[in-house]
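**Student:** This is the structure I want to talk about, given as structure tokens.
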């Protein structure tokens, strides 16, 4: 009997200690893409610690697992995706993940290939764009902003080359996997490249592109967000994380490090 009581007492104390550890654990686990998201989070980490919270950053190389891990509770938040992608993911997977805050956007740019400027663009020139739906629409919108084509206004964020209703210069729009766009530059006149892939290729939208999205353009719709599970947005630790990500320190880091290739949205 005494042995049984001793076992029960030890078990009770162990559970109490575990519960206590759980309550005192102020570590936020955040999933992110390596560039630029994890780099930005590392700056926010220092700001967050001053508020009494620690952050563990888990890096992901794909665009699926960060949302899987957030939905199943492995992560407290993730930071890698733009809002339209988050909406599409929820619709396709039946998840209930929400944007807690917009942090930055990576402007699309039109980069020179065989042709060095828009003024020198010849009739019938070839321009490569991403072949995935939301990013293709974004690329086409940038071409439209430069007066090169006109898109059916009803197409919205689902626009593809099939929705081009006016192409006065007979441009050949070539759809290519986004990751291959930078490599296509030697074969095309111009390429419209996603911000993250441009960064990976050593290109900077502000200095290397001949035209870029404006902050008040369609690009703002594609702001990269801090995503959380619906219902967690009122957690004090996650509010502190948002404040850290939208701090002056993070803004200065983004502006100084990426020089226009990444633009703060706060």
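Residue numbers (mature numbering (1 follows the signal peptide of the UniProt record, and there is no 0)): -19 to -1, 1 to 247. Note that beta-carbon positions come from the ideal geometry of N, C-alpha and C, so glycine has one too.
Would you identify the three-state DSSP class for residue 45, choosing helix, strand or coil?
**Tutor:** If DSSP states are grouped into helix, strand and coil, residue 45 belongs with coil.
**Student:** Please return the same chain residues whose Cβ sits closer than 7 Å to the Cβ of residue 74, not counting the five positions on each side in sequence.
**Tutor:** Once the five neighbours on either side are set aside, residue 74 has no close Cβ partner at all.
**Student:** Have a look at residue 114 and residue 139 and give me their C-alpha separation to the nearest angstrom.
**Tutor:** Rounded to the nearest angstrom, the two C-alpha atoms are 6 Å apart.
**Student:** By the 10 Å Cβ neighbour count, where 16 or more other Cβ atoms means buried, how is residue 235 classified, buried or exposed?
**Tutor:** Buried, by the Cβ-count rule.
**Student:** Mind the definition here: the segment 154 to 162 touches the segment 52 to 62 only if three or more C-beta pairs lie below 8 Å; say whether that holds.
**Tutor:** The segment 154 to 162 is not in contact with the segment 52 to 62.
**Student:** Could you check how far apart the C-beta atoms of residue 178 and residue 160 are, in whole angstroms? I think they sit under 8 Å.
**Tutor:** Contact holds; Cβ gap of about 6 Å.
**Student:** Tell me whether the beta-carbon of residue 206 lies closer than 8 Å to the beta-carbon of residue 82.
**Tutor:** Yes. Within cutoff.
**Student:** Answer yes or no: do residue 193 and residue 54 have a C-beta to C-beta separation smaller than 8 Å?
**Tutor:** Contact: no.
**Student:** Let me confirm a value: residue 21 is counted as buried when at least 16 other C-beta atoms fall within 10 Å, else exposed. Which label applies?
**Tutor:** Counting Cβ neighbours within 10 Å, residue 21 comes out buried, since at least 16 surround it.
**Student:** Determine, using beta-carbon pairs with one atom in the segment 95 to 112 and one in the segment 163 to 177, whether at least three such pairs fall under 8 Å.
**Tutor:** They touch, by the three-pair rule.
**Student:** Since residue 188 is in the alpha helix (DSSP H), which residue starts that stretch and which ends it?
**Tutor:** Run containing residue 188: 186 to 189, per the alpha helix (DSSP H) assignment.
**Student:** Which class does residue 74 belong to by DSSP, given the choice of helix, strand or coil?
**Tutor:** Residue 74 falls in the helix class under three-state DSSP.
**Student:** Could you tell me which residues DSSP puts in a beta bridge with residue 233?
**Tutor:** Looking at the DSSP assignment, residue 233 forms no beta bridge with any residue, so it has no partner.
**Student:** Based on DSSP bridge pairs, tell me the residues matched to residue 111.
**Tutor:** Partner(s): 157.
**Student:** Contact between the segment 221 to 230 and the segment 20 to 40: three or more CB pairs below 8 Å?
**Tutor:** Output reads yes: the segment 20 to 40 touches the segment 221 to 230.
**Student:** Helix, strand or coil for residue 150? Go by DSSP, reduced to three states.
**Tutor:** In this structure, residue 150 counts as coil in the three-state DSSP scheme.
**Student:** Hey, quick one: how far does the beta strand (DSSP E) through residue 37 stretch, first residue to last?
**Tutor:** Run containing residue 37: 35 to 40, per the beta strand (DSSP E) assignment.
**Student:** Nearer than 7 Å: is that true of the beta carbon of residue 233 relative to any heavy atom of the ligand GTP?
**Tutor:** Ligands are entirely absent from the displayed structure, and the ligand GTP is therefore not among its contents.
**Student:** Looking only at its own chain, which residues have a Cβ that is under 7 Å from the Cβ of residue 213, when we skip the five neighbours before and after it?
**Tutor:** Excluding sequence neighbours, residue 213 sits near 219.
**Student:** I'd like the span of the alpha helix (DSSP H) that includes residue 21, first residue to last.
**Tutor:** 20 to 30 is the span of the alpha helix (DSSP H), which, as asked, contains residue 21.
**Student:** Which term fits residue 119, buried or exposed, when burial requires 16 or more other beta carbons within 10 angstroms of its beta carbon?
**Tutor:** With 16 or more other Cβ atoms within 10 Å, it is buried.
**Student:** Under 6 Å Cβ to Cβ from residue 247, same chain only, skipping five residues before and after it: list those, please.
**Tutor:** For residue 247, where only same-chain residues beyond five positions count, the Cβ hits under 6 Å are 227.
**Student:** Taking the beta carbon of residue 242 as the centre, do at least 16 other beta carbons fall within 10 Å, making it buried, or is it exposed?
**Tutor:** Flag for residue 242 reads buried.
**Student:** How long is the line joining the alpha carbons of residue 79 and residue 104, rounded to whole angstroms?
**Tutor:** Going from the Cα of residue 79 to the Cα of residue 104 covers about 44 Å.
**Student:** Would you identify the three-state DSSP class for residue 247, choosing helix, strand or coil?
**Tutor:** Three-state DSSP puts residue 247 in coil, outside helix and strand.
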